[in-house]
Structure formats: C-alpha cells, structure tokens
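Here the structure comes first, spelled out in structure tokens, and everything after it is commentary.
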Amino acid sequence: MLLEPQHYLERLQYKIKLHKDIYGGSCEYTKTWRLELCKKMNRHPTTRGYNWGWYVIEPINFEVGFWEDGGTDDLKGVDINQWNALARLLQP
C-alpha cells in the first residue's frame with residue numbers, strides 16, 4: 000500500500016545516516032538522496048506470457064505493489080509523476 004512521500008522520509012534519513020557511517024561521511028558519488036516511485040519490470044514473463052513487475056520507492060528499496068499486463072495493478076489510478084513531484088519537495 001502506497002502512502003504519502005513524507006511517510007518514507009524517516010527511512011531515507013536513516014539510509015543517509017547509515018551510508019555516512021559506513022563510508023566515513025562521503026556521499027560524493029551519490030547523485031541524489033531523493034525519494035522516487037519507480038515502476039520496475041521483470042525480464043522473465045509469467046507462464047501465461049505476460050510481462051509483470053513491481054513498484055518500488057528508491058533509494059530506500061521499499062516495495063509498495065505489483066503489476067501484471069492484462070491483470071492486476073496494485074497502484075492502478077495512482078499518478079506516479081504527481082507522487083514523485085511531491086517527493087521532490089521534501090528535503091532529507
């Protein structure tokens with residue numbers, strides 16, 4: 000179940016802190032520390048021949064749903080671009 004972007008901000012802050020602790024404070028190679036809802040696709044189709052995949056919030060790698068061509072879509076009706084626009088307004 001997908002929640003509003005601010006709900007995931009605490010996980011993002013924890014990931015940033017953990018990353019800094021592990022790598023000695025260096026975050027230079029990381030382009031952004033921004034939440035983004037992504038639609039991923041598995042490279043192998045289902046046994047019925049349909050493509051399928053999942054929705055994940057990056058960079059915290061939190062799965063929020065699944066989809067299948069010609070079948071179910073857990074985030075049907077959700078505007079991914081609008082969700083990402085709201086997430087971009089948040090600062091970790």
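Numbering of the sequence shown is given in numbering that gives the first Met the number 0, commencing with residue 0 and proceeding in unit increments.
Where a beta carbon is used, it is the ideal one built from N, C-alpha and C, also for glycine.
For clarity, every value in this text was computed on a predicted model and none was experimentally measured.
- Contact fails between the segment 41-54 and the segment 7-18, because fewer than three Cβ pairs, one in each stretch, are under 8 Å apart.
- In the structure shown, the three-state DSSP call for residue 2 is coil.
- Excluding its 5 nearest sequence neighbours in each direction, residue 68 has C-beta neighbours in its own chain below 6 Å: 49 and 50, listed in chain order.
- The criterion of a C-beta distance shorter than 8 Å is satisfied by residue 34 and residue 11.
- Residue 74 and residue 2 do not touch by the CB rule: their CB atoms are close to 12 Å apart, not below 8 Å.
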